[in-house]
Amino acid sequence: EAGVAQSPRYKIIEKRQSVAFWCNPISGHATLYWYQQILGQGPKLLIQFQNNGVVDDSQLPKDRFSAERLKGVDSTLKIQPAKLEDSAVYLCASSPDGGGHYEQYFGPGTRLTVT
Amino acid sequence: RKEVEQDPGPFNVPEGATVAFNCTYSNSASQSFFWYRQDCRKEPKLLMSVYSSGNEDGRFTAQLNRASQYISLLIRDSKLSDSATYLCVVYGAGSYQLTFGKGTKLSVIP
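Chains as they are written, first to last, in the numbering used here: chain L, 1 to 115; chain R, 116 to 225.
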């Protein structure tokens, strides 16, 4: 079974530029998550989708971050404009459903460096 | 108080040693508990769920004490391949999402 796919794997941009990340979850998984993991920290949830609807985006900095999940499958996360503190690994995860009893499967992440 | 707190580590132990990690959570209404493992520059992967009765998977034992809001992970007979960061994860700690601790880094030394 194919895992969660993410691209690009690495991205270096200058502050105030824009960047977008793409995620393809495991086939059939209804719930998709975007996490931000800063070096030395645990992952922090940015946004959770159930099919193509947003379940939780309480920790998403909406002035600069946006995300969408078209047709309830693939998802993109965008940062515009980027700040130095956005340097982190952006992890996408998926699970069969959104309940806390399900394992979340993570993709390899996109390592973003903002200079 | 942070929602999920772990031993800061790092833990450097010789092969064959027994090592224990501790974790506390702040919200008594939390519903589910997990340990995830994250290798260096890799994504987190589920190691095991944690049940009130305690559970064991080979050399790994996880325990939950709801009264003390405390979770532990015990690794017996440590292997070099156990070297990783161990993340304590709580579901429902204030919201319907997974909350991760900072992680405890383990290095098993030959």
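Ideal placement from N, C-alpha and C gives every residue a C-beta, glycine not left out. Fair warning: this is a prediction, and the values are worked out from it, not measured in the lab.
Item	Value
Using a 10 Å radius around the Cβ and a threshold of 16 neighbouring Cβ atoms, would you call L:G53 buried or exposed?	exposed
Could you tell me whether any Cβ in chain L is nearer than 8 Å to the Cβ of R:Q178?	no
Determine, for L:D86, whether the minimum Cβ-Cβ distance to residues of chain R falls below 8 Å.	no
Report the start-end ranges of each beta strand (DSSP E) in the stretch 153-188 of chain R that is 3 residues or longer and not cut off at the edges.	159-165, 170-172, 175-180
Do R:T139 and R:Y185 count as a contact pair if the criterion is CB distance below 8 Å?	yes
Helix, strand or coil for L:K11? Go by DSSP, reduced to three states.	strand
Is R:G206 buried or exposed, if buried means 16 or more other CB atoms sit within 10 Å of its CB?	One point to set straight first is that residue 206 of chain R is Tyr, not Gly, in the sequence displayed. Counting Cβ neighbours within 10 Å, R:Y206 comes out buried, since at least 16 surround it.
Measuring straight from C-alpha to C-alpha, what distance separates L:D74 and R:V128?	42 Å
Give me whichever residues DSSP pairs with L:L91 in a beta bridge.	L:Y35
Give me the chain R residues within the contact set of L:H117, using Cβ-Cβ distance strictly less than 9 Å, ordered along the chain.	This structure cannot settle anything about residue 117 of chain L, because the visible part of chain L is limited to 1 through 115.
What does the Cβ neighbour count give for R:Y166, buried or exposed, with the cut at 16 atoms within 10 Å?	exposed
Contact check, R:V223 vs R:S198 under 8 Å by CB: the rounded distance?	5 Å
Measure the alpha-carbon distance for L:A67 versus R:T133 and round it to whole angstroms.	44 Å
Measuring only the C-alpha atoms, how far is L:S95 from L:G3?	11 Å
Tell me the residue span of the beta strand (DSSP E) that contains L:I26.	Here L:I26 belongs to no beta strand (DSSP E), and DSSP marks it neither H nor E.
Leaving out five residues before and five after L:R9 in sequence, what residues of the same chain have Cβ atoms less than 8 Å from its Cβ?	P108, G109, T110, R111
Would R:P159 pass as an interface residue toward chain L - the criterion being a Cβ-Cβ separation below 8 Å?	yes
Is the CB of R:L188 under 8 Å away from at least one CB in chain L?	no
Rounding to the nearest angstrom, what Cα-Cα distance links R:N180 and R:S147 in this structure?	12 Å
Can you name the start and end residues of the beta strand (DSSP E) that L:L84 belongs to?	From DSSP, L:L84 is part of no beta strand (DSSP E); its letter is neither H nor E.
Looking only at C-alpha atoms, which of R:S183, R:A182, R:L162 sits nearest to R:G173?	R:L162
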